[in-house]
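Heads up, the thing below is written out as structure tokens.
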Amino acid sequence: MSRKIVLVAICLVVCIFAMRASAAKTFYVATNGNDAWSGHYATPRKNDGPLATLQEAIVRARAERKQDRVEIFLRDGVHVLNEPLVLRAQDSGLSISPYKKENPVVSGQSLVSGWARVEGSTNLWHAHVTDEKLRQWNFRELFVNNHRKQRARTPNDGFFHLVGSMVGNESNKVKYAGNDIKPEWATSGEVELVAHQLWAGSRNRIVAVETNSHVITFGGQAITENKEDNGRYYIENARDALDKPGEWFFDAKAGEVFYWPEAGEDLTKLPVTVPHLSELVLLKGTNAPVHDIAFRGLTFADADWRLETNGYCDVQAAVYIRGTVHGEFANNCAIENCEFVRLGKYALDFGNGCQSNRIVGNVMHDLGAGGVRLGETDRKRSFVTPSGHFEITDNSIHNIGIVYPPAVGLMLFHTAGNHVAHNEIHHTFYTAISIGWSWG
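In my numbering, the protein residues as written are 5 to 444.
Now the structure itself:
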């Protein structure tokens, strides 16, 4: 054998070992999979095949990985998370994408079944929520055949108007006009008043109604410095406000959900779903950042919004609402060609210490808040753990602010060096793109 042939053979062997060393570990996840299987096959075999859950794929990836890259391929169907998917520094190098050209959905949904017509009613249907965990979650969104439905609201169209702005200097009290407010709405502690004040919004539970003085008291602050005389508001989640097709109401104490179907909706045949999570993915780095995580071609759907006991009140841009996919100390990550839909908060949110991430080619719609939220509002902290150098291009963001109308399409706080271009933003109640936060 000539020296040249020997050298060629050695080079081939070296290349083969190099290719094996650089090849990514691969796992498959399918709705007909089994978490007892290896996850190394895309389709079920006799005693092996894909995994059943994304969470188990992450556990296997951590245990078996011997190189930097791991690929997880999701098969078609709805992949329901029982808890948010948390990725840390040890998961760096991971990519999650569809198998071939399939359309997997990463979801936080629960199915509500057993619908029947309410006795004595020609319009209302009801179902019992038997899952105690779901019942205690007290979900705030409902979808029929993946279409968002209106929580019981009054007035159905337009708004009531406050009398003045607030009562004296008490930011948790407002005055109402005429008979717009019913005193019994304070009894359950679950009826909410949603107010619009200039470029800010609030959502609070009614805890007391004084009919003589026409004063409403809330569980928390309802008015910020953005005081607007005769501001608009409406009432949500009152049982007697369920008076129109497409509206629903959940009695959490009784575990019973009511819905007035729209024309053509058969609840015995169409899927009715509610969310049981408010976050789907958390990228949680520390001083050791999580890095080089990639989500490509996925749909993230069906996540809720929450309301604390003291309510919600912001000053602008739904500033206190975070993202359904949220990152801290996440670097060089990519979210590309994904869809974000039927969510209660901002779709994406990268906060402290996040650098050089790509948000490209995504579609974000049917959102409770806005599309993308970057950086932090704390100016001093932003100097210590800065975020920036994002690429945010070619995204479509529309039909947002459904729960929090002041939300923004692209909200950039204290963050610098970003490239924002070619984003199509429409059907938003407030601003398309907002950059900066502190005055001066």
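We treat Cβ as the ideally placed atom computed from N, Cα and C, and that holds for glycine.
Which same chain residues, not among the five before or five after residue 121, have their C-beta less than 6 Å away from its C-beta? Locating residue 121 in the sequence shown gives position 117, where the first residue counts as 1. The answer, listed in chain order, is 129.
Endpoints, the alpha helix (DSSP H) within which residue 383 is located: Here residue 383 refers to the residue found at position 379 of the sequence shown. Per DSSP, residue 383 belongs to the alpha helix (DSSP H) from 383-388.
Cβ atoms of residue 209 and residue 194: under 9 Å apart, would you say? Along the sequence shown, read from residue 1 onward, the residue named residue 194 stands at position 190. Along the sequence shown, read from residue 1 onward, the residue named residue 209 stands at position 205. Their beta carbons are under 9 Å apart, which means residue 194 touches residue 209 by this criterion.
Does any heavy atom of the ligand GDP sit closer than 8 Å to the C-beta of residue 317? Ligands are entirely absent from the displayed structure, and the ligand GDP is therefore not among its contents.
Residue 63: first and last residue of the uninterrupted alpha helix (DSSP H) it sits in: Translated into positions along the sequence shown, residue 63 becomes position 59. 58-68 is the span of the alpha helix (DSSP H), which, as asked, contains residue 63.
CA-CA distance, residue 189 and residue 157? Taking the sequence shown and counting its residues from 1, the one referred to as residue 189 is at position 185. Taking the sequence shown and counting its residues from 1, the one referred to as residue 157 is at position 153. Going from the Cα of residue 189 to the Cα of residue 157 covers about 13 Å.
List the whole-angstrom C-beta distance separating residue 48 from residue 205, where the pair is believed to meet the contact cut-off of C-beta under 8 Å. As a first step, residue 48 must be located in the sequence shown, where it is residue number 44. As a first step, residue 205 must be located in the sequence shown, where it is residue number 201. Not quite, the Cβ-Cβ distance comes to about 49 Å (not below 8 Å), so this is no contact.
At least 3 beta-carbon pairs within less than 8 Å: the stretch 129-145 vs the stretch 103-112: Because the criterion of three Cβ pairs below 8 Å is not met, the stretch 129-145 and the stretch 103-112 do not touch.
Report the rounded CA-to-CA distance for residue 243 versus residue 334, giving the unit in angstroms. Taking the sequence shown and counting its residues from 1, the one referred to as residue 243 is at position 239. Taking the sequence shown and counting its residues from 1, the one referred to as residue 334 is at position 330. Computed Cα separation, rounded: 44 Å.
For the 8 Å Cβ check, are there 3 or more pairs between the stretch 424-432 and the stretch 391-403? yes
Output yes or no for whether 9 Å exceeds the beta carbon distance between residue 33 and residue 61. Position 29 of the sequence shown, counted from the first residue, corresponds to residue 33. Position 57 of the sequence shown, counted from the first residue, corresponds to residue 61. Residue 33 places its beta carbon less than 9 Å from that of residue 61.
Would you mind giving the Cβ-Cβ distance between residue 4 and residue 375, rounded to the nearest angstrom? I have them listed as a contact below 8 Å. For residue 4 there is no data in the structure shown, the boundaries of the chain being 5 and 444.
Let me know the alpha helix (DSSP H) ranges lying completely inside the stretch 112-177, each 4 residues or longer, listed in chain order. 136-141
Looking at C-beta atoms only, is the number of pairs between the stretch 143-155 and the stretch 337-353 that lie closer than 8 Å three or more? yes
Beta-carbon proximity list for residue 141, same chain, < 6 Å, skipping 5 on both sides: Counting from one through the sequence shown, the residue named residue 141 turns up at place 137. Cβ neighbours of residue 141 beyond the five flanking positions: 280.
Is the number of C-beta pairs between the stretch 209-227 and the stretch 313-323 that are closer than 8 Å three or more? Short answer: they touch.
With residue 294 and residue 96 assumed to form a contact (beta carbons below 8 Å), what rounded beta-carbon distance in angstroms separates them? Stepping through the sequence shown from its first residue, residue 294 is reached at position 290. Stepping through the sequence shown from its first residue, residue 96 is reached at position 92. Yes, they are in contact, since the Cβ atoms of residue 294 and residue 96 sit about 6 Å apart, within 8 Å.
Looking only at its chain, what residues have a beta carbon closer than 7 Å to the beta carbon of residue 90, apart from the 5 residues adjacent to it on each side? Counting from 1 along the sequence shown, the entry for residue 90 is found at position 86. Excluding residues within five positions, the ones whose Cβ falls inside 7 Å are 286, 288.
Opposing strand residues paired with residue 230 [DSSP bridges]: Here the question's residue 230 lines up with position 226 in the sequence shown. In DSSP, residue 230 forms no bridge with anything.
Own chain residues within Cβ distance below 8 Å of residue 186, not counting five before or after: Translated into the one-based positions of the sequence shown, residue 186 becomes position 182. So the qualifying residues of the chain are 213, 242, 244.
When 438, 177, 67 are compared against residue 218, the one with the closest alpha-carbon: Within the sequence shown, the letter at position 214 stands for residue 218. Nearest C-alpha to residue 218: 177.
So what does residue 287 bridge to, in DSSP terms? If you number the sequence shown from 1, residue 287 lands on position 283. Partner(s): 91, 331.
Meets three-Cβ-pair contact criterion under 8 Å: the stretch 428-443 and the stretch 401-417: yes
For residue 208, which beta-bridge partners are listed by DSSP? Here residue 208 corresponds to residue number 204 of the sequence shown, with the count starting at 1. According to DSSP, residue 208 bridges with 197.
Using a threshold of 9 Å, state whether the C-beta atoms of residue 321 and residue 203 are closer than that. For this step, residue 321 is matched to residue 317 along the sequence shown. For this step, residue 203 is matched to residue 199 along the sequence shown. Contact flag set, yes.
Does DSSP put residue 244 in a helix, in a strand, or in coil? The count along the sequence shown starts at 1 and reaches residue 244 at position 240. Residue 244: helix per DSSP, three-state reduction.
Count the other C-beta atoms from every protein chain shown that fall within 10 angstroms of the C-beta of residue 144, then say buried if there are 16 or more, exposed otherwise. Start at 1 with the first residue of the sequence shown, and residue 144 comes out as number 140. It is buried - the Cβ of residue 144 has at least 16 other Cβ atoms within 10 Å.
Whole angstroms are fine: how far does the CA of residue 264 sit from the CA of residue 246? Position 242 of the sequence shown, counting from 1, holds the residue named residue 246. Position 260 of the sequence shown, counting from 1, holds the residue named residue 264. The straight-line gap separating the alpha-carbon atoms of residue 246 and residue 264 is approximately 8 Å.
Give me the Cβ distance between residue 377 and residue 310, rounded to the nearest whole Å; I'm assuming they're in contact under 8 Å. Taking the first residue of the sequence shown as position 1, residue 377 is located at position 373. Taking the first residue of the sequence shown as position 1, residue 310 is located at position 306. Not confirmed; about 16 Å, so no contact.
Tell me whether the beta-carbon of residue 58 lies closer than 9 Å to the beta-carbon of residue 74. Taking the first residue of the sequence shown as position 1, residue 58 is located at position 54. Taking the first residue of the sequence shown as position 1, residue 74 is located at position 70. The Cβ-Cβ distance between residue 58 and residue 74 does not fall below 9 Å.
Local conformation of residue 25 per DSSP, three classes: Counting from one through the sequence shown, the residue named residue 25 turns up at place 21. Confidence in residue 25 is poor, its pLDDT being 42 and thus under 50, which makes the residue's placement unreliable; the coordinate value appears in the next sentence. Residue 25: helix per DSSP, three-state reduction.
Inter-residue Cα distance where the pair is residue 367 and residue 353: Looking up residue 367 in the sequence shown gives position 363. Looking up residue 353 in the sequence shown gives position 349. Computed Cα separation, rounded: 15 Å.
Mark residue 303 as exposed unless 16 or more other C-beta atoms lie within 10 angstroms of its C-beta, in which case mark it buried. The residue labelled residue 303 in the question sits at position 299 within the sequence shown. That one is buried.
Comparing C-alpha positions only, which one of 55, 313, 63 sits nearest to residue 78? Translated into the one-based positions of the sequence shown, residue 78 becomes position 74. The residue with the shortest Cα to Cα distance from residue 78 is 55.
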